[in-house]
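K.L.:
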């Protein structure tokens, strides 16, 4: 019984790692869809989000069942409780990648992002994807060090976002209101993906140490 | 022992109801701060958010303790698990009200919202506050009917948001890029407050019926 129980917990963790891989793919494809006006990729990310929602519901139910049937204590309880929050973060990241893809689709065949901010969104896409991958590795290795790395990347994301506001409010902005609205929302979506990845890192620290690291 | 345990669960639920009242206040004050450029109210909402964060951490710890010390099953387990998600929704709504207040503060002594969209933001503020209040009542009464009402209000919010985009992209928009960015983000924050209130409603339905109602 106990051996099966531990295996169930390990299975949940490895399914969460698997889910981070799917989220990383969604983030990468939505960024390409955005920067290259690739409508098929945008549709793919939007369609594939249902699979992430399904994984979310399925993993959550398994955690509930374990919580109900076993009486987990200490580290096991922490792991299960953290899993519930991690799966929520991952589901939300999938939604946000789909939001990026929806803006790409809305502006197709145009590119939603003006040339002036293209490098900035390349950077945001890379940081977001990297953070999701690090979150998955952190979960796999339960390494407190890689969890800390997430915080540094999260700050890079915030810096990029601030620089986008400066560009939009500067004299060189000649792209009008619609592009500014798109950029403001896209920047927000990437920033939130980064926040959720950082949250996964904090939850792994909680699982390992029993303490929550301070947020910001 | 069991009586104390049930009292602990009831205490958690009533503290969640108390937290919805604080969130409703934060939403109301941040809307006034926004529409009247009331810098002191903005500062108050931003400062008071720490209290919501403290309540969040404290309620979460109590739920963890109950999960660990008791072996809750069926309805009790559902209630505790739902409480963890409800407290996360409420903490997030507090953050979003603080985001609204921060934009009000950033534009002070100007009003961030252009006159043309003032009625729309009055509407968003009212819907958001009402939804938080209904979420609290739903939690208090565990009424499936009032949970359903949240969905209708959530749709009104989405309609208001769409109408804001139409106004910003129409010919009558003479307020420039900065105001458009503010409106796009403010609209997003109110929409997310509504989403989280609707989520509380769905979690109450889950507690009462054991089934999750479909999202959108």
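Protein chains in written order, with the numbering used here: chain G, 1 to 216; chain A, 217 to 432. Glycine residues also receive a C-beta, built at the ideal position from the N, C-alpha and C atoms. No experiment lies behind these values; they were computed from the predicted model shown.
Which first and last residues belong to the alpha helix (DSSP H) in which residue 121/G is found?
P.N.:
Note, residue 121/G: alpha helix (DSSP H), 118–141.
K.L.:
Could you work out which residue in 295/A, 340/A and 246/A is closest to residue 407/A when comparing CA atoms only?
P.N.:
Closest by alpha carbon: 340/A.
K.L.:
How big is the Cα-Cα spacing for residue 414/A and residue 183/G?
P.N.:
So the two alpha carbons sit approximately 27 Å from each other.
K.L.:
Is it buried or exposed for residue 78/G, if we count other Cβ within 10 angstroms and need 16 for buried?
P.N.:
Buried, since its Cβ has 16 or more Cβ neighbours within 10 Å.
K.L.:
Using a Cβ-Cβ cut-off of 8 Å, state whether residue 216/G counts as contacting chain A.
P.N.:
Note on residue 216/G: pLDDT 44, under 50, position unreliable in the model; no value is reported.
K.L.:
Would you verify that the beta carbon of residue 168/G is, or is not, closer than 8 Å to some beta carbon of chain A?
P.N.:
Taking Cβ atoms only, chain A reaches closer than 8 Å to residue 168/G, which makes this a yes.
K.L.:
Buried or exposed: residue 289/A, going by 16 or more other Cβ atoms within 10 Å of its Cβ?
P.N.:
When all chains shown are included, residue 289/A counts as exposed.
K.L.:
So, does the CB of residue 323/A fall closer than 8 Å to a CB anywhere in chain G?
P.N.:
So, not an interface residue.
K.L.:
Looking at residue 49/G and residue 95/G, is the spacing between their C-beta atoms short of 8 Å?
P.N.:
Yes; because the gap between Cβ atoms is below 8 Å, this pair is in contact.
K.L.:
Kindly indicate which three-state DSSP category residue 432/A falls into: helix, strand or coil?
P.N.:
Low local confidence applies: a pLDDT of 45 at residue 432/A is under 50, so the model's placement there is unreliable, with the coordinate-based value given in what follows. Reduced to three states, the DSSP call for residue 432/A is coil.
K.L.:
Alpha carbon to alpha carbon, how far is residue 409/A from residue 141/G? Give it in angstroms, no decimals.
P.N.:
Each residue's alpha carbon lies about 35 Å from the other.
K.L.:
Taking only beta-carbon positions, decide if residue 181/G is within less than 8 Å of chain A.
P.N.:
Closer than 8 Å: yes.
K.L.:
Which residues of the region 256–284 of chain A have a Cβ closer than 8 Å to any Cβ of chain G? Give them in chain order.
P.N.:
So the close ones are 273, 280, 283 and 284.
K.L.:
For the 8 Å Cβ check, are there 3 or more pairs between the region 245–261 of chain A and the region 220–227 of chain A?
P.N.:
In short, these stretches do not touch, since the Cβ pair count stays below three.
K.L.:
Would you kindly check if the distance between the Cβ of residue 111/G and the Cβ of residue 385/A is under 8 Å?
P.N.:
The answer is no: Cβ separation not under 8 Å.
K.L.:
State the Cα-Cα distance for the pair residue 216/G and residue 153/G, rounded to the nearest angstrom.
P.N.:
Note that residue 216/G scores a pLDDT of 44, beneath 50, so its modelled location is shaky; the value from the coordinates is reported in the next line. So the alpha carbons of these two residues sit roughly 13 Å apart.
K.L.:
Since I believe residue 287/A is in contact with residue 423/A (beta carbons under 8 Å), could you give me their beta-carbon distance rounded to a whole number of angstroms?
P.N.:
With a Cβ gap of about 18 Å, residue 423/A and residue 287/A do not count as contacting.
K.L.:
Given this structure, state the Cα-to-Cα distance separating residue 172/G from residue 117/G, to the nearest angstrom.
P.N.:
Roughly 11 Å separates the two Cα atoms.
K.L.:
Taking the alpha helix (DSSP H) that residue 90/G falls in, what are its first and last residues?
P.N.:
It spans 74–107 - the alpha helix (DSSP H) in which residue 90/G sits, taken as one unbroken run.
K.L.:
Are three or more beta carbon pairs between the region 223–237 of chain A and the region 271–288 of chain A nearer than 8 Å?
P.N.:
Contact holds: three or more Cβ-Cβ distances are below 8 Å.
K.L.:
Are the CB atoms of residue 37/G and residue 97/G within a distance shorter than 8 Å?
P.N.:
No.
K.L.:
For residue 327/A, would you say it is in contact with chain G, using Cβ-to-Cβ distances shorter than 8 Å as the test?
P.N.:
For residue 327/A, the answer is no, since every Cβ of chain G falls outside 8 Å of its Cβ.
K.L.:
What whole-angstrom Cβ distance do residue 350/A and residue 361/A have, given they're in contact under 8 Å?
P.N.:
The pair is not a contact, with the Cβ atoms about 11 Å apart (cut-off 8 Å).
K.L.:
State the Cα-Cα distance for the pair residue 426/A and residue 56/G, rounded to the nearest angstrom.
P.N.:
For residue 426/A and residue 56/G, the distance between alpha carbons rounds to 17 Å.
K.L.:
I'd like to know if residue 223/A contacts chain G, where contact means its C-beta is closer than 8 Å to some C-beta of that chain.
P.N.:
It does not; no Cβ of chain G falls within 8 Å.
K.L.:
Taking the straight line between their C-alpha atoms, what separation do you get for residue 346/A and residue 240/A?
P.N.:
Each residue's Cα considered, the two are about 8 Å apart.
K.L.:
Applying a beta-carbon distance threshold of less than 8 Å, which residues of chain A neighbour residue 177/G?
P.N.:
By Cβ distance, chain A contributes 384, 385, 389, 392, 393 and 396.
K.L.:
Cutting at 6 Å between CB atoms, please list the residues of its own chain near residue 93/G, excluding the five before and the five after it.
P.N.:
Cβ neighbours of residue 93/G beyond the five flanking positions: 23, 193 and 196.
K.L.:
Please compile the residues from chain A whose C-beta is within a distance smaller than 9 Å of the C-beta of residue 188/G.
P.N.:
The answer, in chain order, is 400, 401 and 404.
K.L.:
Would you tell me roughly how many angstroms separate the C-alpha atoms of residue 127/G and residue 218/A, rounded to the nearest one?
P.N.:
Distance between the alpha carbons of residue 127/G and residue 218/A is about 49 Å.
K.L.:
Where does residue 230/A fall in DSSP's three states?
P.N.:
In the structure shown, residue 230/A sits in a helix (DSSP, three-state: H, G or I).
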